[in-house]
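Taking our numbering, I'd label the letters of the sequence shown as residues 58 to 1169.
Note that beta-carbon positions come from the ideal geometry of N, C-alpha and C, so glycine has one too.
Predicted model, so just to flag it, every value in this text is computed and none were measured.
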Amino acid sequence: MTALYTVRQCPARAIRPGLSKIPTTSSILPPLSNSRYLSPIQPSTEHPPANLLGPNDFGINALVAHQEDHKMSFAIEVPGDANPLSLQELCRVLESATTSTDYARRQAAGQQLSSWETEKGYFSSLQTVFLDKSLPREIRFLAVIQLKNGIDKYWRLLPHVKGGLEPDEKNLVRQRLFQGTLEEEETGLSLHNSLVTAKVIRIDYPQHWPDALSQIIGLVRSSKNGNQQHLYGGLQILLRVVKELGTARLRRSQTALQSVTPEMVYLLGEIYTEKSAVWVEFLTNSRGDEDTADIAMLNSLIALKTIRRLVVVGYEAPHNDKTVEQFWTISQNHFGQFLGFVSHDSPVPAPYQDTVGKHLLQFTKLHIDMSEAHPASFAVLPNSLPLVHAYWDLVAKFAEVFEKSGGIRQSSSDSGPSESKSKVEGPLLERLALRGLLLMRACLRIAFYPKQTFKYRSAEAKKDENDAVALIKQELLKDEFVVQMANTIITHLFVFRKADLDAWEEDPEEWEQQEQSEGNAYEWEVRPCAEKLFLDLLVNFKQLMIPPLLSYFQTATNAQSDIATKEAVYTAMGLAAPNVSNAFDFDSLLISTVLQDAQQQGPLYKVLRRRIAIMVSQWVTVKIADDSRPLIYEMFRHFLNPADPTNDIVVRITAARQLRWIVDELAFSAEAFLPYAADVLNEILQLIQNVDVDETKLAVLESMRILVTRLENYVSQFADFIMSNLPGIWENSGTEEYMIKQAIIAIFAALVMSMGSDSQRYQHLMVPLLSEAAKPGSDLHTYLIDEALELWNSVLMQSNPPLSAEIMSIAELSLPLLEYQTETAAQALSVVESYILLGTQTVMEDRLRRPFLQALSGVLDSRSREQVRLGTVCIEYLIRAASELGGTQVIFQDLLEIGFIGKIMEALHDAWEANQTTGPNKKVSKLNTITERDYFAILSRLVIADPALFVTMLTSFGPLERVWSWLSGEWFAHLDGLDHLPRQKLSLLALTRLLELPQPMQNLALAKLQDYFTLWTGTIAELQDGTTDGTDSLIWQELEATDYDTPKSIKETEFGQKDPIHTVNAMRFVKERLQEVVQRSGGEQQFEQEWAINVDKDVLQKFWSLTQITGA
């Protein structure tokens, strides 16, 4: 394949002599030149001659293709990996990849870069390009990105592995890493170079780069009172390195980081203290210049970010370190001081307030992270409990203005390519209050949900943790404080604000999705977090909180209460349902107040309707009276009605989403819901077509699936309506919306299972879908094969036999799926089983019989025990069906010709040979005991079907006497250790049938008479199970039908009831065959003299005693 490269002249500024003279901040950073990895990369002969290079150039200036017309461009068509690696060519390709407007050219450039990744010198060349500031930013940016990605892929590889870097090249890259950040003015580029540095150090430190951290510490220390830009660069490198090492899971890396943490924390603490003092002095007394204050702010912030991480990940017990204690105190003092800079009446200019706010948020992260990662340390560090109270004071003050606050929102960052994470925006006070709520939740977890770990902890560490729990419970969570928190939450933080309403109306669907309790909105939004904290308090202080809570609930009955108050009360009422259900009569409130509130009209009542839908769904799953259910069903029908102007899209989505809990509760009555079902289903289907957010569509579709399931056979009344609407939703979902299609298939499956065999009238709609999904290469097959198989199973399970020609036409498509991964193959195997049971005659036809046997023979090689078991059962079904239909000879022939019997015999012979060896040279059988049991079960079915044909088949594997000798030896030996009574009886019936055959099989079987009597005695005794009336415990009585029977389960039962295992009395069966063979052997006397004489007397005595006891 060839790639088209368009080679253009690089900008003139790409030519810059003297690169090797770039100054460095310390002797740690060598000059860029004199690299052994630069000399091998020679310019191509197609490029300008070497005399264009200046004496101090690396060759980057030779990347310019000199032409008379500088605007001219030309194309060279070469193979994608034909261009040799050179600095000139590398720059060309990077430029093509970044600036070309031609897609084919950019793609070719990308392929070329990928092909160079395994070339020696590629990554050091990327670094060289990145460090050349004369090149365009786009080229340098792509170079450092390629370098960063390459570190992840290739840096760990050994040099002799393809793509592995030579030690010299790694050293060169390491030597120039720091310079890429310290000497770089472009923020985005310096950041990415810091990321490269961090990735290299994570891999190499401490084994291959033992002094990496000491070098960085030296850089930071040397520039602390010098070049502040260099100090910022050093701190940036250190921050990224700490973040990388902090996520390491290898104990070696953790220990290496912890060994240098005290030194780093001490140094960073000094820097933070000094730099913060500079800008604090500037803000309070206007001393110093603005530029100095600006860089001091940046340096103190980045130092604080690093300290925050080090304190958490760099110590086993932070409270034992004096430096940590001192900084913990500083953090508290500065937190209080900095709050003054960001107050509403602060004279500090807005840009400075923003940076001060970032300092405050870092403090909150430090306090929360400490409480979560080191609860014992948090509790005993200086003034931690007063700190928590101070946070709560902040929350309480904010609660008073919560109703007027603008709210916190997540948005995509637009700060540039270096920032890919979403950022949280909103009033600083609200964000700080949120952190206060999170810290309070962390304290409750310390007290009531201590961290569980398998990690060894010393007795001292365990004592510290227990002391922390006791301290939090006794000194912090006092009754008065708990009640105060609960009151603040329910009276202020549950209030629905104007900011919430604005967000609702700005983007209703997105707002509704974000408000879902299943998400993690509590991590960045005050109200959801307050709800979580309220629940934590209620669960752990139930007796304390229930009385005031019940009193608070009564305010909902006050006709004078406004919408916001009622919404807050209903929020608390719903959250508290599991804890107050025995103390509060919700049914009375529902009738007296909630129903009336649900009927109120007006723009703001949509807020109350949404909350009522949520609250009722929370109570229904806990406790509700039967008389209240119809009222609730009517209420939800009302909420879903789009004709009511108060029911905006959020109200209807919420009602549809919460409906799943209404209909999925244990006491749900399909009959009681029936009057409302038609309207509800119609509104849900219409709603699905009117929403845009995929997650919302999926939630509404799931509610519909549950409703279809819970309506059971009553859903048949609405099936035509549902089936006429779902295809339209399928088509409108687009070609890529497979999650929507997956949900629709799930509804199809639920509909089939609820309707039972009545669903067969829709098979003509489902067969094309199943056929398409089963075809390899189709989009449905790629993305939805598991869901399609589930539907396929449902369709078959509810189909009355015989199966229609339409559903049988796709039977063969299920066979290749048996080779798929375990879960998919298991579903496909269930489909195959259904076809065998319900379409027996069609499956036994020549078109399908052998393909089914061939596919099932492969199933027995599966690693899944359940698949092997079911595959064996399916083969047994086929053998039995062939016997019933008179095709026994055909099934024998098929099994022989596809090699399945040969595979069984070979495996059993290998097992027999292994069992003949003993001592240190004993062979281990390749065949496990359970699979061997399945093999003998298949052979038993063949014997029972036609013993004479079975013996004839054995002769195809060698002389009968020799084959029978080892096969019977292995068979009886296997049965001796078998603990599976149905399989034991099956083998007993099969082996006993061989006694029916004339010579030469008669004498061959009688030669094993000792084994026969042992098998008969042991198995029959187990079957009798201690009774003396000749009972066979495996014989089934007639089974009564149940409401849960399906056509498939009925057919399974029929097959089981006709199985010899469940119809033949073993003792009678044995006695009849034994009497026959005795007569054919010349009578009892001759039989005893020739054959019984070879059986141990105690074995014979046990058998005859058993026959006398049972009277069989």
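Would a C-beta distance cut-off of 7 Å place Gly928 and Val947 closer than the cut-off?
In the sequence shown, counting from the first residue as 1, residue 928 sits at position 871. In the sequence shown, counting from the first residue as 1, residue 947 sits at position 890. No, the Cβ-Cβ distance between Gly928 and Val947 is not below 7 Å.
Quick check on the burial criterion: 16 or more other C-beta atoms within 10 angstroms. Buried or exposed for Trp1093?
Position 1036 of the sequence shown holds residue 1093. With fewer than 16 other Cβ atoms within 10 Å, it is exposed.
Identify the continuous alpha helix (DSSP H) that holds Glu752 and give its terminal residues.
Stepping through the sequence shown from its first residue, residue 752 is reached at position 695. Counting along the chain, the alpha helix (DSSP H) containing Glu752 begins and ends at 751-768.
I'd like to know whether the C-beta atoms of Ala525 and Pro432 end up nearer to each other than 7 Å.
For the purposes of this step, residue 525 is taken as residue 468 along the sequence shown, with counting starting at 1. For the purposes of this step, residue 432 is taken as residue 375 along the sequence shown, with counting starting at 1. The Cβ atoms of Ala525 and Pro432 lie closer than 7 Å to each other.
Sequence-distant residues of its chain with Cβ nearer than 7 Å to Lys1042 (five each side left out)
Counted from its first residue, the sequence shown places residue 1042 at position 985. Excluding residues within five positions, the ones whose Cβ falls inside 7 Å are Thr1076, Leu1080, Leu1091, Ile1118, Ala1123.
Cβ contact check for the region 759-776 and the region 801-810: 3 or more pairs under 8 Å
yes
Length at least 4, wholly inside the region 582-664: the alpha helix (DSSP H) runs in chain order
Within the region 582-664, the complete alpha helix (DSSP H) segments at least 4 residues long are 583-597, 599-610, 620-637, 643-646, 652-656, listed from N- to C-terminus.
Within the same chain, show all residues whose beta-carbon is closer than 7 Å to that of Gly167, passing over the 5 residues directly before and after it, in chain order.
The count along the sequence shown starts at 1 and reaches residue 167 at position 110. Within the same chain, and ignoring the five residues on either side of Gly167 in sequence, the residues whose Cβ sits closer than 7 Å to its Cβ are Ala154.
Is the beta carbon of Met854 closer than 7 Å to that of Gly896?
Indexing the sequence shown from 1 puts residue 896 at position 839. Indexing the sequence shown from 1 puts residue 854 at position 797. No, the pair does not count as a contact, with Cβ atoms beyond the cut-off.
Using alpha carbons as the reference points, say which of Phe235, Leu295, Ala518 lies closest to Ala374.
One-based indexing of the sequence shown puts residue 374 at position 317. Taking only the C-alpha atoms, the option nearest Ala374 is Ala518.
Given a cut-off of 7 Å, decide if Leu1072 and Pro1004 are closer than it, judged by their beta-carbon atoms.
Along the sequence shown, read from residue 1 onward, the residue named residue 1004 stands at position 947. Along the sequence shown, read from residue 1 onward, the residue named residue 1072 stands at position 1015. No, they are not a contact pair.
Shortest alpha-carbon distance to Tyr609 belongs to which of Ile503, Thr945, Leu590, Ile547?
Taking the first residue of the sequence shown as position 1, residue 609 is located at position 552. Measuring from the Cα of Tyr609, the nearest candidate turns out to be Ile547.
Cα-Cα separation between Ala353 and Gly291, rounded to whole angstroms
Position 296 of the sequence shown, counted from the start, is the residue given in the question as residue 353. Position 234 of the sequence shown, counted from the start, is the residue given in the question as residue 291. The straight-line gap from Cα to Cα measures roughly 14 Å.
Taking contact to mean at least 3 C-beta pairs separated by less than 8 Å, is the region 411-419 in contact with the region 484-499?
yes
To the nearest angstrom, how far is the alpha carbon of Lys680 from that of Ser638?
Along the sequence shown, read from residue 1 onward, the residue named residue 680 stands at position 623. Along the sequence shown, read from residue 1 onward, the residue named residue 638 stands at position 581. So the two alpha carbons sit approximately 7 Å from each other.
Within 10 angstroms of the Cβ of Gly1034, are there 16 or more other Cβ atoms? Answer buried if so, exposed if not.
For the purposes of this step, residue 1034 is identified with residue 977 of the sequence shown, where counting begins at 1. Answer is exposed; the Cβ neighbour count stays below 16.
Per-residue burial, Gly1140 [other beta carbons within 10 Å of its own, 16 or more giving buried]:
The residue you call residue 1140 lines up with position 1083 of the sequence shown. With fewer than 16 other Cβ atoms within 10 Å, it is exposed.
Does Thr711 pass the burial test, meaning 16 or more other C-beta atoms within 10 Å, or should it be called exposed?
Sequence index remark: in the sequence shown, residue 711 carries index 654 (1-based). Buried, by the Cβ-count rule.
Report, in whole angstroms, the separation of the C-beta atoms of Thr899 and Leu860, which I expect to be a contact under 8 Å.
Reading the sequence shown from its first residue, position 842 is the one you call residue 899. Reading the sequence shown from its first residue, position 803 is the one you call residue 860. At roughly 7 Å, the Cβ-Cβ gap stays under 8 Å, so Thr899 and Leu860 are in contact.
If you scan the region 911-959 from start to end, which runs of the beta strand (DSSP E) of 3 or more residues do you find wholly inside it?
none
Can you tell which of Val253, Ala1030, Ser982 has its C-alpha closest to the C-alpha of Lys1065?
Residue mapping note: residue 1065 aligns to position 1008 of the sequence shown, counting from 1. Of Val253, Ala1030, Ser982, the residue nearest in Cα terms is Ala1030.
Could you name the residues of the same chain whose beta carbon sits closer than 7 Å to that of His966, not counting the 5 residues immediately before and after it, in chain order?
In the sequence shown, counting from the first residue as 1, residue 966 sits at position 909. Closer than 7 Å at the Cβ level, and outside the excluded window around His966, lie Trp1023.
Through-space distance from Lys754 to Tyr795, alpha-carbon basis:
As a working note, residue 795 is residue 738 in the sequence shown. As a working note, residue 754 is residue 697 in the sequence shown. If you take the alpha carbons of Tyr795 and Lys754, they lie about 12 Å apart.
Compare the Cα-Cα distances from Gln184 to each of Thr156, Ser172, Leu151 and report the closest residue.
By one-based count along the sequence shown, residue 184 stands at place 127. Of the candidates Thr156, Ser172, Leu151, the one whose C-alpha sits nearest the C-alpha of Gln184 is Leu151.
For the pair the region 204-214 and the region 163-180, tell me if three or more CB-CB distances fall below 8 Å.
yes
Nearest-angstrom Cα separation, counted from Val1000 out to Ala1062:
Counted from its first residue, the sequence shown places residue 1062 at position 1005. Counted from its first residue, the sequence shown places residue 1000 at position 943. Taking the straight line joining both Cα atoms gives about 13 Å.
Compute the Euclidean distance between the alpha carbons of Gln232 and Arg922, then round it to the nearest angstrom.
Residue mapping note: residue 232 aligns to position 175 of the sequence shown, counting from 1. Residue mapping note: residue 922 aligns to position 865 of the sequence shown, counting from 1. One C-alpha to the other measures close to 56 Å.
Less than 6 Å separating the Cβ of Trp1093 from some heavy atom of the ligand FMN?
In the structure shown, the ligand FMN is absent, as is every other ligand, since no ligand is present at all.
Residues in the same chain with beta-carbon distance under 8 Å from Val253, minus the five sequence neighbours each way, listed in chain order, please.
Your numbering for residue 253 matches position 196 in the sequence shown. Val201, Leu204, Lys205, Ile208, Leu234, Gly237.
If you draw a straight line from the C-alpha of Ala453 to the C-alpha of Ser618, how long is it?
The sequence position of residue 453 within the sequence shown is 396, counting from 1. The sequence position of residue 618 within the sequence shown is 561, counting from 1. Whole-angstrom Cα-Cα distance: 23 Å.
State the Cα-Cα distance for the pair Ile359 and Arg306, rounded to the nearest angstrom.
Taking the sequence shown and counting its residues from 1, one reaches residue 359 at position 302. Taking the sequence shown and counting its residues from 1, one reaches residue 306 at position 249. In a straight line, the C-alpha of Ile359 is about 24 Å away from that of Arg306.
Please work out which residues of its chain come closer than 7 Å, Cβ to Cβ, to Tyr840, disregarding the five sequence neighbours upstream and downstream, and give them in chain order.
In the sequence shown, the residue the question calls residue 840 occupies position 783. If we look at Tyr840 and ignore the five residues flanking it on each side, its Cβ neighbours are Tyr795.
Span of the alpha helix (DSSP H) holding Asp1068?
As a position in the sequence shown, residue 1068 is number 1011, starting the count at 1. 1066-1081 is the span of the alpha helix (DSSP H), which, as asked, contains Asp1068.
Whole angstroms is fine: what's the gap from Leu1054's alpha carbon to Asn1060's?
Here residue 1054 refers to the residue found at position 997 of the sequence shown. Here residue 1060 refers to the residue found at position 1003 of the sequence shown. About 10 Å.
Nearest by alpha-carbon distance to Val664: which of Pro507, Asp559, Thr766, Trp581 is it?
Position 607 of the sequence shown, counted from the first residue, corresponds to residue 664. Answer by Cα proximity: Asp559.
Helix, strand or coil at Ala305 according to DSSP, with G and I counted as helix
Start at 1 with the first residue of the sequence shown, and residue 305 comes out as number 248. In this structure, Ala305 counts as coil in the three-state DSSP scheme.
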